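> I am attaching a structure below and will ask some questions about it afterwards.
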Ligand code: EPZ
């Protein structure tokens, strides 16, 4: 397994280009079985989860090609309907193939995604919404076995604005009979990117970006070429990298419009942010950056995927603050690793109490999930001495060429093999 070796204390300075969004690319690629003919996807980040998704599409009978940051997918004649456990267990987002397969084939057999490091992450809202559209599910030896004649429109209200649930239902409803209304739908920018992609293929979706989305089913969807939006969480991570090292970074291809809550919170902490352009942002640390209180919320609130990263910054900021995690039940595994670096953080299940310290001290630490690993890299960039972040296969799921990007703006960071 690989690790990252970081010699901290160097202020970052320069320009980083933000890659395509993992969390937009995954559902948009999963929609491929819905589309007649081939689809060309641009600005696709080269990530482990993307390769996993392409492997799944191949298993389902699609032909895929990944050159640079462009993916071509075309359906072979015979679509399959099974997503095997060996693959689903490595990427919970595989459950996003449920909606497309039921809409296209009337059949889907998807391994029930086990929990993952950050929580149980059930799919009950996906299933109950699809049942309202006429699907029936059995649980058979760890697989969700779904069947339907032809999905029909329904008026669905989610108990919680589930991102994946909204995405599965957008894809299912695009080819269903009649009108579907989704209430309490997720408003995340990645959900909007999926809706925009489906509309570019001929779907009739309105209201995405608000809590009420209406979809008129159509008979078929046709191919298009689609550029994936930029990754707001990758961008937010590098914004923190500038702040935590006392440096200054310009981020280009940056989805500034989708970062309002993060910009607002970092400004509250005293970070200087210039965001007068649509797709570029300049982040400059000030001498005094102070702790604030953060509560993670569904979009447009502060994103849970930035919780670990802002905690790293608060660990070396003035004063104290609390971080409330309202989306996942176990998303503080980075806390104990930060404490190994000398951070002063105490936490209950859903609330962390952070008191800033003068500086962190480098040490070997272990990543537990994607955003926790990003948090530990950020902490290592700020810490005195050397930090080794182990098990960075977690990081490779969601950050394209992170060490190259950080080295290009002055970080001392190298990848090595764990002993
Ligand atoms: C998406 O996960 C993202 N993943 C997550 O990013 C992100 O943290 C999350 O949305 C929230 O923004 C992708 O887009 C691939 P949810 P998803 O359905 O769809 C519960 C990252 O780091 N829930 O909104 O799984 C669930 O357990 C990843 O890039 C149910 O109870 O999120 C969780 O507590 C991590 N039943 C909460 O809702 C359901 O049927 C949010 O889940 C569905 C969800």
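In my numbering, the protein residues as written are 325 to 743. Every residue, glycine too, gets a C-beta built ideally from N, C-alpha and C. Just so it is clear, the structure is predicted and the values come from calculations on it, not from any experiment.
1) Examine the Cβ distances between the segment 583–601 and the segment 404–414 and report whether three or more of them are shorter than 8 Å.
2) Can you give me the C-alpha to C-alpha distance between residue 462 and residue 418, rounded to a whole angstrom?
3) So which of 715, 474, 549 has the shortest CA-CA distance to residue 524?
4) In chain order, which continuous runs of the beta strand (DSSP E) of length 3 or greater are located wholly inside the segment 429–502?
5) How would you call residue 718, buried or exposed, if buried means at least 16 neighbouring beta carbons within 10 angstroms?
6) Using the Cβ count rule (16 or more neighbours within 10 Å means buried), how would you classify residue 612?
7) Going straight from the alpha carbon of residue 458 to that of residue 344, what length do you get?
8) Along the chain, where does the beta strand (DSSP E) containing residue 601 start, and where does it finish?
9) I'd like to know whether the C-beta atoms of residue 267 and residue 499 end up nearer to each other than 8 Å.
10) Within the chosen definition, does the segment 521–541 reach the segment 569–588 through at least 3 CB pairs nearer than 8 Å?
11) Along the beta strand (DSSP E) that carries residue 690, what are the first and last residues, could you check?
12) Evaluate residue 569 with the Cβ neighbour count: other Cβ atoms within 10 Å of its Cβ, from every protein chain shown; 16 or more gives buried, anything less gives exposed.
13) What is the DSSP secondary structure of residue 634, reduced to helix, strand or coil?
14) Mind reading off the beta-carbon distance from residue 651 to residue 628? Whole number of angstroms is fine, and I expect it under 8 Å.
15) Residue ranges of each alpha helix (DSSP H) run of no fewer than 4 residues wholly in the segment 632–709, ordered along the chain?
16) What does DSSP give as the partner residue(s) for residue 396 in the beta ladder?
17) Measuring straight from C-alpha to C-alpha, what distance separates residue 684 and residue 695?
18) Looking at the structure shown, is residue 716 part of a helix, part of a strand, or coil, going by DSSP?
19) Check whether the Cβ atoms of residue 361 and residue 546 sit closer than 8 Å, and answer yes or no.
20) Straight-line CA distance for residue 426 to residue 496?
21) Leaving aside the five residues before and after residue 508 along the sequence, list all residues of the same chain whose C-beta is less than 8 Å from its C-beta, in chain order.
22) For a test of the three-state rule: what should DSSP assign to residue 326, helix, strand or coil?
23) Can you tell me whether residue 656 is buried or exposed? The criterion is at least 16 other CB atoms within 10 Å of its CB, across all chains shown.
24) Whose C-beta lies closer than 6 Å to the C-beta of residue 712 among residues of the same chain, with five residues either side of it excluded?
25) So is the beta-carbon of residue 372 under 7 Å away from any non-hydrogen atom of the ligand EPZ?
26) Keeping to the same chain, check which residues put their C-beta closer than 6 Å to that of residue 521; ignore five residues upstream and five downstream.
27) Determine, using beta carbons only, whether residue 707 and residue 686 come nearer to each other than 8 Å.
28) Does the distance between the C-beta of residue 718 and the nearest non-hydrogen atom of the ligand EPZ fall short of 7 Å?
29) Under three-state DSSP, which class holds residue 512?
30) How would you call residue 677, buried or exposed, if buried means at least 16 neighbouring beta carbons within 10 angstroms?
31) Using the Cβ count rule (16 or more neighbours within 10 Å means buried), how would you classify residue 740?
32) Can you tell me which residues form a DSSP beta bridge with residue 574?
33) Is any heavy atom in the ligand EPZ found nearer than 7 Å to the beta carbon of residue 729?
34) Taking only beta-carbon atoms, is residue 371 less than 8 Å away from chain C?
35) If you pair each beta-carbon of the segment 695–705 with each one of the segment 660–669, do three or more pairs fall below 8 Å?
36) Taking 8 Å as the cut-off, decide whether the C-beta atoms of residue 640 and residue 594 are in contact.
So, from the data block:
1) no
2) 18 Å
3) 549
4) 431–435, 460–464, 467–471, 479–481
5) buried
6) exposed
7) 35 Å
8) 596–601
9) Missing from the structure shown is residue 267; the chain here goes from 325 to 743 and no further.
10) no
11) 688–690
12) buried
13) helix
14) 4 Å
15) 658–664, 694–706
16) 364, 389
17) 19 Å
18) coil
19) yes
20) 7 Å
21) 481, 482, 483, 484, 485, 535
22) strand
23) buried
24) 327, 329, 688
25) no
26) 352, 550
27) yes
28) no
29) coil
30) exposed
31) exposed
32) 339, 606
33) no
34) Considering every chain present, this structure includes no chain C. It has just one protein chain.
35) yes
36) no
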